[in-house]
Amino acid sequence: MPKSRLRKKADYTPPPSTATAVKISSGRSWVAPLMLVFFLVGLVWIVTYYVTSGDWPVGSWNNWNILVGFGFIAAGFGVSTQWK
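Each residue of the sequence shown is one higher than the one before, counting from 3 in my numbering.
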């Protein structure tokens with residue numbers, strides 16, 4: 003049986019690079035620090051309320067202090083939606 007002819011493909015050479023470096027900057031460098039501040043303030047608010055048995059941060063608010071702490075945490079999540 004005769005041997006079939008071998009087809010040799012040309013080696014791949016990539017096209018010359020004309021791409022330039024793209025600077026990815028969203029201009030929102032304030033988002034991450036503000037988000038972390040909200041998270042930490044909310045956590046500290048709730049922990050302070052529990053450790054002081056309701057005397058601090060605002061004693062007259064009673065259990066509403068928990069809602070305020072979770073409000074700060076929710077604000078942190080709200081700010082995190084702006085992060086790119």
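Positions of the beta carbon are idealized from the N, C-alpha and C atoms, including for glycine.
Values in this document were obtained by computation on a predicted structure and should not be read as measured data.
- Trp47 places its beta carbon less than 7 Å from that of Pro59.
- In this structure, DSSP gives Asn65 a state outside helix and strand, which the three-state scheme calls coil.
- Distance from Val43 to Phe74 at the Cβ level is roughly 5 Å; contact confirmed, criterion being Cβ atoms closer than 8 Å.
- Exclusion of the five residues before and after Thr15 leaves no residue of its chain whose Cβ lies closer than 8 Å to its Cβ.
- Residue state for Val39 is assigned as helix, using DSSP reduced to three classes.
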